[in-house]
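So in this note's numbering the end of the sequence shown lands on 400, straight run, no missing numbers.
Virtual Cβ for every residue (Gly too), placed ideally from N, Cα, C.
First comes the structure, then the notes that go with it.
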Amino acid sequence: MRCSAGYKKITGVYIGCVLIFLLFLLLFPVVGHIGVTYCYAADLEQEQQKIKESILSEFEYGEIDDSLQSLFPEKRIIFKEVISEILTGNLKASAKLLSEFVREQMFYLLQTGKKNLIHILLIAMIAAFMNQFAGTLQNRQVASVGFYMIYMLLAALTVAAFDVVLKWVESGIRNITAFMGVFYPVYFLAVAVAKGSVTGVAFYNLVLFLIYAVEIIIGNVLLPMVRVYMIIRILNFLGPEDMLEKLSEFLEIVIRWTLKTALACVIGANLIQGMISPAIDTVKRSTVLKGAEAIPGIGNLLGGMTEVALGTAVLVKNGIGMAGAVICIALCVIPLVQTAGTALLYKLAAAMIQPVSDERVTGCVEAVGEGCQILMQIVFTVGVLFLLTIAIVAAVTNA
């Protein structure tokens, strides 16, 4: 009901702008072909700017601004200002915002992960020391029990470190879906005005299913499965033989195949939807335009002004989509930098202790980096799902 009312309201803005311009021409006619051309060219850009400002003022950005305030409490991000900067071609503010997020997250990662990583390195060195002098002990069982105690302490630290990263990813995905839940109604209202209600409603239903699938499949299935994968990898190095390696490989295959399947399904559904719904709205709109151009005397002018209004609507629609994509990228950057930085740190730690420590200790530390790589792929896939939806909708509704 809200989207329908907004669509009728913004459509009224278009019709009003066109009628006012036509009334101006009828009351103040310009004599001669050169005069008409000059007046039309001079007022066209101003009229387009007025239409753009009228369209932007008709959308409700309150829920989006509230969401941005809760997601970025230290930043002052106004969604309408982001749209205006993008429509003027100024992307410096968006690039500065993304660079600030990357720098802040790297600093935060170093501050939070440094202490735990130092503890893990110290325990790995103690394990290496015991492994080197285990042969001097007459009772081999004492050395074995000591190694297992140290390994269990190391495993507890690595699982705790991985749980912290897992919470970062869960929070990041939750923030992405929360923002998209308030962004998509505004975006597809703009799509409905620029292209037609059939396209807007069809894609809106599709993204509602996408948000639900991300919350259920990724949030409730894949993320807990990654944690199980991580624990199995650590337990696999507890014994002298790889008894759980195949199980961990199986879980990894299931996770990666699920992500690839979800990406393929979303792309296919968007492309199929883009072949049908925009074509229906194009037929409807072309019928209206041809009928307007058939009016004697003012038909060509009415058709030209209608095309200007529709072109401005497409411009505004793309500006809203680009602004949403920038915020989506910013929300993805936070968990991506955190998981990528953690993966690199633990891969580096494994490389440092490999020459001196037991291979099981090295494998335990490296497992954290491999688990973070899977989490990074999950976050990347979630971001790509939403960004591809915006890109495909923008592409199929530009014509």
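Could you give the residue range of the alpha helix (DSSP H) that holds residue i?
i, result
"I217", "Looking at the DSSP string, I217 is not in any alpha helix (DSSP H), and its letter there is neither H nor E."
"S358", "Unbroken run through S358: none, as it is neither H nor E."
"L69", "G63 to L72"
"P225", "L224 to N237"
"L88", "F80 to L88"
When you compare each of the options to residue i by their alpha carbons, which one comes out closest?
i, options, result
"R175", "E250, I121 and E216", "E216"
"V317", "C329, I273, T398 and C373", "T398"
"K168", "I124, L209, N221 and T200", "N221"
"L346", "E371, V357, P356 and L332", "E371"
"F238", "M150, R361, Y149 and I321", "R361"
"I177", "A270, D243, S85 and G325", "G325"
"G201", "G147, Y149 and T283", "T283"
"R77", "I127, L98, D164 and F130", "L98"
"L224", "I235, N206, R257 and V327", "R257"
"E54", "A314, V357, T390 and Q355", "A314"
"V170", "P336, D359, A392 and G240", "P336"
"V208", "Y185, M153 and L190", "Y185"
"I151", "L211, A351 and H120", "H120"
"L231", "N206, F163 and L72", "For the sequence presented, residue 231 should be read as Met rather than Leu. Ranking the options by Cα distance to M231, first place goes to F163."
"A179", "L211, V160 and A191", "L211"
"A214", "L190, V327 and L264", "L264"
"A195", "A331, G312, A351 and A368", "G312"
"V146", "E105, L69, Y205 and A128", "A128"
"N271", "I328, I124, T363 and T390", "T390"
"A193", "A352, I321 and I375", "I321"
"L388", "A96, M276 and C329", "C329"
"L118", "L92, A350, I84 and V327", "A350"
"V160", "A392, V227 and N91", "V227"
"E1", "F73, Y188 and L376", "Since the first residue shown for the chain is 2 and the last is 400, residue 1 is missing from the structure and cannot be characterised."
"V1", "V369, G240 and I375", "Within the shown structure, residues of the chain are numbered from 2 to 400, placing residue 1 beyond reach of any answer."
"A96", "A368, V183 and V327", "V327"
Short of 7 angstroms in beta carbon distance, which residues of its chain neighbour residue i, apart from the five on each side in sequence? Order them along the chain.
i, result
"I79", "D66"
"K81", "L57 and Y62"
"A203", "Q274 and S278"
"M323", "I87"
"L260", "Q378, I379 and T382"
"V103", "V334 and V338"
"K285", "G197"
"L245", "I233, L236 and N237"
"A156", "I235 and C365"
"I219", "I174, I379 and V383"
Can you tell me whether residue i is buried or exposed? The criterion is at least 16 other CB atoms within 10 Å of its CB, across all chains shown.
i, result
"S249", "buried"
"C365", "buried"
"F60", "buried"
"T262", "exposed"
"Y39", "Per-residue confidence for Y39 stands at a pLDDT of 39, beneath the threshold of 50, marking its modelled position as unreliable; the derived number appears in the next sentence. Result: exposed."
"E253", "buried"
"T89", "exposed"
"H34", "Residue placement at H34 cannot be trusted, given a pLDDT of 37 that sits under 50; what the coordinates show is reported in the next sentence. Label assigned to H34: exposed."
"I319", "Here the sequence assigns Asn to residue 319, which means Ile is not the residue at that position. So N319 ends up on the buried side."
"V229", "exposed"
"L28", "Unreliable positioning characterises L28 in this predicted model, as indicated by a pLDDT of 41, which lies under 50. The coordinate reading is nonetheless provided below. Classification of L28: exposed, given that the 10 Å Cβ count is below 16."
"S172", "exposed"
"E75", "exposed"
"V394", "buried"
"S71", "exposed"
"M153", "exposed"
"S100", "exposed"
"L123", "exposed"
"L69", "buried"
"Y149", "exposed"
"E242", "exposed"
"L190", "buried"
"M181", "buried"
Taking 6 angstroms as the limit between beta carbons, can you name the residues of its chain near residue i, skipping five residues before and five after?
i, result
"L386", "V267"
"C373", "V166, T340, T343 and A344"
"I281", "V199"
"G384", "C333"
"L26", "Any reading at L26 is ruled out, since the residue's pLDDT is 42, under 50, leaving its predicted position unreliable."
"A392", "none"
"V187", "F60"
"N91", "none"
"E367", "A351"
Considering only residues of the same chain and omitting the five flanking positions on each side of residue i, which have a CB-CB separation below 8 angstroms?
i, result
"M126", "I354, V357 and S358"
"K348", "E367 and G370"
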